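Residue numbers (the working numbering): 1 to 247.
As structure tokens, this is what we get:
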């Protein structure tokens, strides 16, 4: 079992109906280099299926501790269904750039089902009327929850998913490395024991952080109310963003 860190858990706790912690990336793909010059939706599902072993993000979901007494855990989704996570659509008339943006915005705005692994993909076809995009191309929007992946993890996720060319040149050298870790559901006893330990540790961690940063806090407070403020300013480069813009 693996417990979410405090930083990852905050992306769950800070979510509201008007503010989500989802990250969406979009790519447009020209299938002319594929066999027959076409890529079918079934082939996309099969491709993603072949990469499930490269990242734990695909098949693990969040499991909350009762009464939220401790940070949640990652557990394997026993009912994982790849076809739930990968959807398919087509742009309506006039199938222009604006319609594509609307489609992607709606996809991004829909909350992820946190009872399942927190990711979705949306294949969008019908881009032929958009200027500058080759005929037959499709868009692929990928949505991930920030609790499941930080910036570097997202880069690795995408790097393992995509190849550099039609010959299958891996984007990342370790693409074939198998992820075999299991994320088993913790028992009530395990959650209670770890929750008790974390309850004791949390105040100690806060005190340790305050102790380590106390000198910097004191210096900042001293400089704020003294004539030495200009010394701190000298170490900051002058840009248009840190100058006075109004009285």
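Even for Gly, the Cβ is constructed at its ideal location relative to N, Cα and C. As the structure is a prediction and not an experimental result, all values here were calculated from the model.
Only counting runs of 3 or more residues, tell me where the beta strand (DSSP E) segments fall wholly within the segment 21 to 102, in order along the chain.
22 to 29, 60 to 63, 73 to 76, 86 to 90
Using three-state DSSP, classify residue 238 as helix, strand or coil.
coil
Find the nearest neighbour of residue 103 within the set 7, 37, 140, judged by alpha-carbon distance.
140
Among the candidates 15, 241, 55, 17, whose CA atom is the shortest distance from the CA of residue 153?
55
Quick one: what does DSSP say residue 154 is sitting in, helix, strand or coil?
helix
Over what stretch of residues does the beta strand (DSSP E) that includes residue 140 continue unbroken?
138 to 145
Terminal residues of the alpha helix (DSSP H) in which residue 11 lies:
6 to 13
Beta strand (DSSP E) containing residue 124: first to last residue?
119 to 125
Report buried or exposed for residue 85, applying the criterion of at least 16 other Cβ atoms within 10 angstroms of its Cβ.
buried
According to DSSP, residues forming a beta bridge with residue 2:
74
Sorted by chain position, which residues of the same chain lie with C-beta nearer than 7 Å to residue 126's C-beta, five sequence neighbours on each side aside?
90, 91, 95
Where does residue 215 fall in DSSP's three states?
helix
Is it true that the CB of residue 172 sits closer than 7 Å to the CB of residue 159?
yes
Segment contact flag, the segment 21 to 40 with the segment 131 to 145, C-beta cutoff 8 Å, min 3 pairs
yes
Per DSSP, the bridge partner or partners of residue 186
Beta-bridge pairing links residue 186 to no other residue.
Buried or exposed by the 16-neighbour rule on C-beta atoms within 10 Å, applied to residue 12:
buried
Look at the Cβ atom of residue 71, then the Cβ atom of residue 9, and state whether they are nearer than 7 Å.
yes
Excluding the five sequence neighbours on either side, which residues of its own chain have a C-beta within less than 6 Å of the C-beta of residue 128, listed in chain order?
135
Helix, strand or coil: which one does DSSP assign to residue 223?
helix
I need the straight-line Cα distance from residue 112 to residue 93, nearest angstrom please.
27 Å
Can you tell which of 144, 23, 121, 18 has the C-alpha that lies nearest to the C-alpha of residue 49?
121
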